[in-house]
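Residues in the sequence shown are numbered from 108 upward in steps of one, following the working numbering.
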Amino acid sequence: VYDTLWRATEAGLSTARPGRTCRDLFQAMQNVISEMDDQGGEVGRYGHGLGMQLTEQPSHAVFDDTVLEENMVITLEPSLNYGDGLIMVHEENIVVQNGAPRLLSKRAAPELPIIGGR
Numbered sequence: 108v109y110d111t112l113w114r115a116t117e118a119g120l121s122t123a124r125p126g127r128t129c130r131d132l133f134q135a136m137q138n139v140i141s142e143m144d145d146q147g148g149e150v151g152r153y154g155h156g157l158g159m160q161l162t163e164q165p166s167h168a169v170f171d172d173t174v175l176e177e178n179m180v181i182t183l184e185p186s187l188n189y190g191d192g193l194i195m196v197h198e199e200n201i202v203v204q205n206g207a208p209r210l211l212s213k214r215a216a217p218e219l220p221i222i223g224g225r
């Protein structure tokens, strides 16, 4: 599950460019997630704007054609239901730029760290 969400986030990072739409971001992440579980676009959204409020428009969803602009601050939040009522969400906060977006925090590792264990 973690690997799928990490790769979905990578797809979002590759897509988050000025001129692309929030629908483009959603679809890029959904294409990866659907390899494991096709939620049929019923998940709502895979991220949103970030600013004065914790959650702002736009929404990275199939219904949102908002065009990304340079210097927009957004979240990428692909999620996946698994097990018995469990959900995993991967989140990165970014600034949209020409070229690669700027991460506002250290990028999560491609492998989930195992703490403790046997």
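Beta carbons are placed, not taken as given, at the ideal position from N, Cα and C, and that holds for glycine.
Per DSSP, the beta bridge partners of Tyr189 are Leu193. Taking C-beta atoms as the reference points, Thr128 and Val174 count as a pair closer than 9 Å.
Ranking Asn200, Pro217 and Arg209 by CA distance to the CA of Gly158 puts Asn200 first.
Our two residues, Ser186 and Val108, have alpha carbons roughly 9 Å apart in a direct line. The count of Cβ pairs closer than 8 Å, one atom from the region 112–121 and one from the region 205–222, reaches three, so the stretches are in contact. In the three-state reduction of the DSSP assignment, Glu199 falls in the strand class, which pools E and B. Distance check between Asp171 and each of Asn188, Glu177, Tyr153 and Met179 places Tyr153 closest, using alpha-carbon atoms only.
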